[in-house]
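Asks:
2 protein chains.
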Amino acid sequence: MPSEPRPLRSASVPWWSNAEWQQMKSDEGCPMCADGSLVTNEHSDLIAELPFSFARLHRNQAQAGYCVVILKGHATELHELDHTRLAGFWYDVAAVGRAVTEIFQPVKIDSLVMGHRCPHLHCHVYPQYASDDPLKVVDISAGSLRLRSEQRQDRISQLHQSIQGQ
Amino acid sequence: MPSEPRPLRSASVPWWSNAEWQQMKSDEGCPMCADGSLVTNEHSDLIAELPFSFARLHRNQAQAGYCVVILKGHATELHELDHTRLAGFWYDVAAVGRAVTEIFQPVKIDSLVMGHRCPHLHCHVYPQYASDDPLKVVDISAGSLRLRSEQRQDRISQLHQSIQGQ
């Protein structure tokens, strides 16, 4: 089952209908609950299972090292989490950001929690490089750079090792 | 001194020059160190001083309840923070998100850490409403809705009370 970025339903006018949104927010049929832990899915590949999340390499590597950190268990908003889980999730996100920085040397790491298409709490770890325009609106769907399988595996291994070595 | 969103310098091609960026990342002359704690500045107004941050109401209320949570002390990346400060910062952000949800009833809270114009760690608490298009790229500079002073004070008071009551 797909997680992001392809919407499962067509957008209502303008947000999802209340019925759709309530269903999307529930854990029943949540695509990230279903595929967030898989070694591979349509959108990303597993780098590491962390204490509170699954760290995944996004399939679109237009921004080298673009990762997604998906909360273990279902929740939709940060303020639904208890202190332990909230802290643990962000400790995991920071570890991924540190690994991306170590390996790819971006100028900045953006950490973006949205989830308009799949409201299962996740954070886009989205690096910015010297070749990027700092004043441009950040669009996580921009560009399309798909790595060959070996390149992807190499990148996953590097990130895995960096995270585990922290 | 201004913090966001007006850049202090013109963008180089394409990111800030290395010299500019290193200077911007340092705490010397950092505009958010200077004005993040003020009752009012050019871009926002203080809602509450929290344990690890300053919660502020953004001047542009095109998204009702748009807040910025600014880390106390200077740092540029999440992975620079120790566990206590990282956890505390996100506990503060979650408290602001909870207050915005309680008062304005958005359909979703986005929590966005970027800082391309001012790399002092801060999080945009950016609510989405039923009137918003969930598939549109999020642009925190979109729209322009400036409240009259009394309306702004009312909103600040409501948020302050909600946060303090948690």
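First to last, the sequence lines map onto chains C and H.
Each residue of the first sequence is one higher than the one before, counting from 485 in this note's numbering.
Each residue of the second sequence is one higher than the one before, counting from 485 in this note's numbering.
Just so you know, even glycine gets a beta-carbon here, dropped at the ideal spot from N, CA and C.
Restricting to Cα atoms, I'd like to know which of C/Tyr613, C/Arg601, C/Ser628 and C/Val597 is closest to H/Pro618.
Replies: The shortest C-alpha to C-alpha distance from H/Pro618 to any of C/Tyr613, C/Arg601, C/Ser628 and C/Val597 is the one to C/Arg601.
Asks: Starting from H/Ile647, trace the alpha helix (DSSP H) both ways and give me its first and last residue.
Replies: Ser633 to Gln648
Asks: Helix, strand or coil: which one does DSSP assign to C/Ile624?
Replies: coil
Asks: As an exercise, report each continuous alpha helix (DSSP H) stretch of at least 4 residues that is fully enclosed by the stretch 555-607 of chain C, in chain order.
Replies: 567-588
Asks: Please list the terminal residues of the continuous beta strand (DSSP E) segment that includes H/Ala539.
Replies: Residues Ser537 to His542.
Asks: One question on the structure: do H/Leu610 and H/Leu596 come within less than 7 Å of each other, judged by their Cβ atoms?
Replies: A quick correction: the sequence has Tyr, not Leu, at residue 610 of chain H. Yes; because the gap between Cβ atoms is below 7 Å, this pair is in contact.
Asks: Using only alpha-carbon positions, find the residue among H/Ser615, H/Gln648 and H/Ala559 that is nearest to H/Met508.
Replies: H/Ala559
Asks: In this structure, does DSSP put H/Cys514 in helix, strand or coil?
Replies: coil
Asks: Note down, in chain order, every chain H residue with its Cβ under 9 Å from the Cβ of C/Gln612.
Replies: Trp499, Met598 and His600
Asks: Does the structure place the stretch 511-528 of chain H close enough to the stretch 537-552 of chain H that three or more beta carbon pairs sit under 8 Å?
Replies: yes
Asks: Shorter than 7 Å from the beta carbon of H/Leu643 to some beta carbon of chain C?
Replies: no
Asks: Rounded to the nearest angstrom, how far is the Cβ of H/Ala583 from that of H/Ile647, given a contact under 8 Å?
Replies: 5 Å
Asks: Decide if H/Glu561 is buried, meaning its Cβ has at least 16 other Cβ atoms within 10 Å, or exposed.
Replies: buried
Asks: Give the residues from the stretch 505-532 of chain C that approach chain H closer than 7 Å (Cβ to any Cβ), ordered along the chain.
Replies: Trp505
Asks: Under 7 Å between C-beta atoms, does H/Pro618 make it to chain C?
Replies: yes
Asks: My understanding is that C/Leu534 touches C/Ala571, with C-beta atoms under 8 Å, so please give their C-beta distance in whole angstroms.
Replies: Your pair C/Leu534 and C/Ala571 does not check out as a contact, with CB atoms roughly 13 Å apart and the cut at 8 Å.
Asks: Between C/Ser615 and chain H, is the shortest Cβ-Cβ distance under 7 Å, so that the two count as touching?
Replies: yes
Asks: Would a C-beta distance cut-off of 7 Å place H/Pro498 and C/Ser615 closer than the cut-off?
Replies: yes
Asks: Please report the distance separating the alpha-carbon of H/Ser510 from that of H/Glu586.
Replies: 37 Å
Asks: Counting only beta-carbon atoms, is H/Arg582 nearer than 7 Å to chain C?
Replies: yes
Asks: Is the CB of H/Asp623 under 7 Å away from at least one CB in chain C?
Replies: yes
Asks: List the DSSP bridge partners of C/Val523.
Replies: Answer is none; C/Val523 lacks a bridge partner.
Asks: Could you pull the start and end residues of the beta strand (DSSP E) that C/Ala546 belongs to?
Replies: From DSSP, C/Ala546 is part of no beta strand (DSSP E); its letter is neither H nor E.
Asks: Report all residues from its chain with a CB closer than 7 Å to the CB of C/His567; omit the five preceding and five following residues, and keep chain order.
Replies: none
Asks: Interface residues of chain C around H/Leu534 at Cβ under 9 Å?
Replies: Going along chain C, no residue has its Cβ under 9 Å from H/Leu534, so there is no contact; the nearest lies around 14 Å.
Asks: With a threshold of 7 Å between beta-carbons, can C/His558 be considered close to chain H, or not?
Replies: no
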